[in-house]
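Below you'll find the structure, written out as structure tokens, and then a few comments.
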Amino acid sequence: MSNWEHISTKDFGWNLFEDKNGRETNQVRTLYEGNQYIWEVSLKANYKAESHWHPYDIIQIFLEGEFKSEGEGSFYPGDIRWVKAGQSTIESGGSEGSRFYLIALGGNIPLMWDDLYEVPEDLKKTLQGRGSGVGKANINKLPFIPFEDEYGRPTQPVQVICNESPHIVRTTFDPTYTASDHWHKHDTMYFIMDGEMSFSDDEPIYKKGDVRVVKGGYSYGPEKPGKEGVTFILISNGGPIDLNWSDIKKPPLVN
Ligand SMILES: [Fe+2]
730 MSNWEHISTK DFGWNLFEDK NGRETNQVRT LYEGNQYIWE VSLKANYKAE
780 SHWHPYDIIQ IFLEGEFKSE GEGSFYPGDI RWVKAGQSTI ESGGSEGSRF
830 YLIALGGNIP LMWDDLYEVP EDLKKTLQGR GSGVGKANIN KLPFIPFEDE
880 YGRPTQPVQV ICNESPHIVR TTFDPTYTAS DHWHKHDTMY FIMDGEMSFS
930 DDEPIYKKGD VRVVKGGYSY GPEKPGKEGV TFILISNGGP IDLNWSDIKK
980 PPLVN
């Protein structure tokens, strides 16, 4: 993995999601493969996926249409959903289909159909110890709260979408805000939902619809939003966001 990756989703082509059992799947674009996998999925209208599970935690950021999951209800743009490793679900697309980002924390996610593959005992046990196997939040209902910095440096308020595993927040940077050089402990994904952002002079400007993946321990900066500010969803893979200022704590990765 390179230290950072600028993903311009429009440059990626659509292909059928692979199912080794040959069951009906949907068009996806594979945006990133590594410690985390990122796809954009376009679920066909009224498509139904029978009961299945995945070996890693997954997160969905809904962009268009309606998505349904038995027992959980419907999901629309503004909703974010997560399903923990080993949790079985039955899912379908609404009458117009559904488009969403799909993120798998840990690796590729084969479709583990419950009629073919039993959830391994150890995974079942782990899941039982993790509370609810599914979760959701809506960005229009979450309050913005201060992001506490242990050194008291200025930060921007965040909406906490999920504060256990997976770790997800949404934030808006005011156009006047700048974050100096810093690094995150874990691999971090940024989904630019609105506006623009510069993460450092080494990287291109990230625009609405772009995705950034940065390696844990890699220092970069300054983070500067565009003239209209920037709104993004941030996912930290492996633990809380853990923001470290590079002038206080030496980054573990040599740039
Ligand atoms: Fe950052």
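Using my numbering, you'd call the opening residue of the sequence shown number 730 and step up by one each time. Virtual Cβ for every residue (Gly too), placed ideally from N, Cα, C. Being a predicted model, the structure only gives us computed values, none of them experimental.
1. What is the rounded straight-line gap between the Cα of residue 912 and the Cα of residue 775?
2. Are three or more beta carbon pairs between the segment 878–887 and the segment 921–941 nearer than 8 Å?
3. How far does the alpha helix (DSSP H) with residue 850 in it extend, from its first residue to its last?
4. Residue 852: beta carbon under 8 Å from a heavy atom of ligand 1?
5. Go ahead and label residue 855 buried or exposed: buried means 16 or more other beta carbons lie within 10 angstroms of its beta carbon, across all protein chains shown.
6. Specify the secondary structure class of residue 900 as computed by DSSP and reduced to three states.
7. In angstroms, rounded to a whole number, what distance separates the CA positions of residue 841 and residue 795?
8. Is residue 972 near ligand 1, judged by its Cβ being under 8 Å from some heavy atom?
9. Do you know whose CA, among 752, 867, 784 and 914, lies nearest residue 851's CA?
10. With hydrogens ignored, establish whether the beta-carbon of residue 952 is closer than 8 Å to any heavy atom of ligand 1.
11. Do the segment 820–831 and the segment 788–805 touch if we need at least three Cβ pairs shorter than 8 Å?
12. Tell me whether residue 890 is buried or exposed, calling it buried when 16 or more other Cβ atoms sit within 10 Å of its Cβ.
13. How should residue 874 be labelled, buried or exposed, when 16 other C-beta atoms within 10 angstroms of its C-beta is the threshold for buried?
Taking the coordinates as given:
1. If you take the alpha carbons of residue 912 and residue 775, they lie about 43 Å apart.
2. With the cut-off at 8 Å, the segment 878–887 and the segment 921–941 do not touch.
3. Counted as a single uninterrupted DSSP element, the alpha helix (DSSP H) harbouring residue 850 occupies residues 850–857.
4. No, Cβ of residue 852 sits at least 8 Å from all heavy atoms of ligand 1.
5. By the neighbour-count rule (16 or more Cβ atoms within 10 Å), residue 855 is not buried but exposed.
6. It is a strand residue.
7. The straight-line gap from Cα to Cα measures roughly 23 Å.
8. Yes - ligand 1 has a heavy atom lying nearer than 8 Å to the Cβ of residue 972.
9. When only C-alpha atoms are compared, the closest one is 784.
10. Relative to the non-hydrogen atoms of ligand 1, the Cβ of residue 952 comes within a distance shorter than 8 Å of at least one.
11. In short, these stretches touch, since the Cβ pair count reaches three.
12. Burial call: buried.
13. Exposed.
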